[in-house]
Amino acid sequence: MKKHLIIATYDGINTHYSGVGTIAKNIVNALGDLTADTDLRVSIAYIEADKNSKVFNKECFEASSNLVKRTGGIMMPLCNSTKGQNEWDMWRSFKEWNYACVSLVTALNLSLNPDEENYIILNDTPFLFFSKYKELVNDKKLKCFYFPLSTGKNHAFGDADWRNNRIRVEQECFDIIAGDKNSKVVALGKKFAERMSEDYGLSFSENDFLQNGLCFEKYEEFLNKKFGNQDLKKYGIEIEDDKRIVFAWGRCSVAKGFKELALAWSVAHKDLPNHYLILQIPNNSGEASYFEEVKDILSNTSRHIVIDDFNPEIWKTVLRTENIDVVCIPSLMDPFPHTSIEAKLFSKDMNYITIISDVDGAVDAFAKDEAIYVDPRNINSFVSELIRATNLSQQEKIKIIDRSKSSINKFDFPSIFIDFISKNMSA
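If you count the sequence shown from 1, position 316 lands on 316 in full-length UniProt numbering, and the numbers rise without skipping.
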């Protein structure tokens, strides 16, 4: 029987501004490889964006559309009551979450073929709400894989009432999914699985994971280049040719630990007169007050640069700049940040040490001997480890970097995803 896979997501299909988008883009890319050798039909359900808005990404949309056309699937734009003109407008409340999931039910009932085996990947936490409406889908054998990429208990976002309501509904959805033999929750990494087990009582078998990863060929152009500090000027980064770089990047959210890094820098910068802290932290997560808090902490320090720009060419260039000394992944509530794998990948032929948070999914990318582990919440320890990283001997640095590079192949996403499909969609 022919298999039909539907991907439901709100980012990475016709927009790209977050890790959710990277995961969706990676799935589209991996399916492009997989469907070349199989007769798998692929459809995509997505939150519609205004094609004249800044969030619309033509490259993402064309890649998704081409995959769907080539496999005989359907593009399914979903309703969520907004105009799709910016990130917050597209996905701002439980009302939008419910609208989108009900809209998805309608789309599926209009498009699913009962003569096919139908599977759906529900990418990110808002699509947990689909479990409340799944009984309205005509195909009672539809297999559902729910991929929550944050939870209310893990991500301290929003005011207390909103967050408590989120936690309540998440638990309700997890309970519904647990009672459906055709549905299961899939964890992005081992650490996040531990957190969901502790917080919501979930359990995971060995096939209930989709390890995070990257499509390496998308980065090949930069991995064959090296830059100097002068090359950073085109992005507004003005630092002297001989100054070293401490770097972190990602959307400016409390989940990413940038406040903790700023607090560490406020102490460490006095002992690091030859270093600049560069933060590429686009303020696009709906947490503007957090962005201002980070800037306020840094305002009392010297040699820091804050970049409010999503442009991926910036972080790729900085990571390949010869004067980069330390990369920080200080995340506190991230299931498995892409930045940790990107830091590992871009270390090829470079000379930087990665400081990795040991309190969330970032540890899934680095073994203890491949990076420097730190609890970002312990500011004194963070300061000490930051200074220590800049003072490692060349021999010590090379050993750590070489060990890290040796494990990069574990994060080849097309291989990871094909393995997941083979385990979960076999006859």
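We treat Cβ as the ideally placed atom computed from N, Cα and C, and that holds for glycine.
Keep in mind it's a predicted model, so treat the numbers as computed, not measured.
Item	Value
Can you determine whether any heavy atom of the ligand NAP sits closer than 7 Å to the C-beta of residue 409, and answer yes or no?	As far as ligands go, the structure on display features none, and thus does not contain the ligand NAP.
Taking Cβ positions, are residue 137 and residue 105 nearer each other than 8 Å?	yes
Should residue 12 be labelled buried (16 or more other beta-carbon atoms within 10 Å of its own) or exposed?	buried
Check for me: the alpha helix (DSSP H) holding residue 431 runs from which residue to which?	Residue 431 lies beyond the residue range present for the chain, which begins at 1 and ends at 427; the question has no answer from this structure.
Would you kindly report the start and end of the unbroken alpha helix (DSSP H) that includes residue 196?	190-200
So residue 321 is in the alpha helix (DSSP H); what residue range does that whole segment cover?	Segment: none, residue 321 is in no alpha helix (DSSP H) and carries neither H nor E.
Rounded to a whole number of angstroms, what is the C-alpha to C-alpha distance between residue 422 and residue 291?	42 Å
Does DSSP put residue 412 in a helix, in a strand, or in coil?	strand
Which residue's Cα is closest to the Cα of residue 311: 348, 235, 260?	235
On the CB-based measure, 16 or more other CB atoms within 10 Å of its CB, does residue 196 come out buried or exposed?	buried
Between the alpha carbons of residue 369 and residue 330, how many angstroms are there, rounded?	17 Å
Could you give the C-beta distance for residue 287 and residue 253, rounded to a whole number, given that I count them as a contact under 8 Å?	5 Å
Taking C-alpha atoms, which residue in 101, 132, 139 lies nearest to residue 119?	139
Apply the 10 Å Cβ neighbour rule to residue 283 and answer buried if 16 or more other Cβ atoms are within range, or exposed otherwise.	buried
What would DSSP say about residue 328, mapped onto helix, strand or coil?	strand
Do you know how far the Cα of residue 194 is from the Cα of residue 401?	28 Å
Within the same chain, show all residues whose beta-carbon is closer than 8 Å to that of residue 114, passing over the 5 residues directly before and after it, in chain order.	138, 139
Does DSSP put residue 209 in a helix, in a strand, or in coil?	strand
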